[in-house]
Amino acid sequence: MRKPKKLINDPMAVAQEQYEGMLAAMSGKLEGLPGITAAIRTDLPSDKVAIVTGGGSGHEHCLQAMLVKAWQMRPL
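Residue numbers (full-length UniProt numbering): 1 to 76.
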């Protein structure tokens, strides 16, 4: 059996490489902020409020399902 190929170039650079890849993949929709590993959406309507939430490591979908129903885009 062959040894699986690694998708990680340098374990110490994983987060930065993923961040840069996300920005490249979402070109035109995300803009990186200088001096910090954070990004902002560039294609959102200016008359809407954005809410950012997180919930664990991504395997807990119940939180997202509740939030989507409660926070659907509606006129304020």
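Ideal Cβ positions, reconstructed from N, Cα and C, are used throughout, including at glycine.
Problem set entry | Limits of the beta strand (DSSP E) - the one that G32 falls within | Here residue 32 is taken as the residue at index 32 of the sequence shown, counted from 1. Residues L30 to G32.
Exercise. Can you name the start and end residues of the alpha helix (DSSP H) that A13 belongs to?
Worked result: As a working mapping, residue 13 is identified with position 13 in the sequence shown. Segment: none, A13 is in no alpha helix (DSSP H) and carries neither H nor E.
Exercise. How is A39 classed by DSSP in three states: helix, strand or coil?
Worked result: For this step, residue 39 is matched to residue 39 along the sequence shown. Residue state, collapsed to three classes: strand.
Problem set entry | Own chain residues within Cβ distance below 6 Å of D43, not counting five before or after | For the purposes of this step, residue 43 is taken as the residue at position 43 of the sequence shown. Taken in chain order, the residues that qualify are K29.
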